[in-house]
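Asks:
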Amino acid sequence: ISSNQTLPNTDYSNVIRVNSFNEALKYANEDSNIENVFIGGGVRIYEEAMKTNLVKRLLLTRVKGDFQCTAVWSSLDVSKFKRIETIPDEYQQFFNQSDENDETPLYHLEIYERDI
């Protein structure tokens, strides 16, 4: 399921195009084959999803640095979530960058979860 705002006008047989987050929820709830939903933003879609109280898990990448951004999610509140660590050690290198001598941004992945 994809928002009309995020997917170019291309027809894919396995993609349902919708106009709103609520319309996407409707389709997801009606399809018994859908067990999990992954929400890939923009900021507006993230904000709409968080208002529903349906979000069980957050995968949050924190990037250290100053960047010229066109969108910032400043209202994110993780206080209702508990931070968990579920990334296996062999994958840590892909999700956490801490080499201060490297010119790439420093970042790390945080996983939060709550009961719904």
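If you're matching positions, the sequence shown starts at 108 in this note's numbering and goes up one per residue. Heads up, the beta-carbon is just placed ideally off N, CA and C, and yes, glycines get one too.
Can you give the Cα-Cα distance for D222 and H215, rounded to whole angstroms?
Replies: If you take the alpha carbons of D222 and H215, they lie about 24 Å apart.
Asks: Kindly indicate which residue of D118, E130, I146 has the alpha-carbon position closest to the one of R164.
Replies: When only C-alpha atoms are compared, the closest one is I146.
Asks: Tell me, to the nearest whole angstrom, how far the beta carbon of I141 is from that of S110; I am working on the premise that it is less than 8 Å.
Replies: I141 to S110, Cβ: 16 Å. No contact.
Asks: Are F202 and I194 close, meaning C-beta to C-beta below 7 Å?
Replies: Yes, the Cβ-Cβ distance between F202 and I194 is below 7 Å.
Asks: Using the three-state DSSP reduction, which class does L183 fall into: helix, strand or coil?
Replies: In the structure shown, L183 sits in coil (DSSP, three-state: anything other than H, G, I, E or B).
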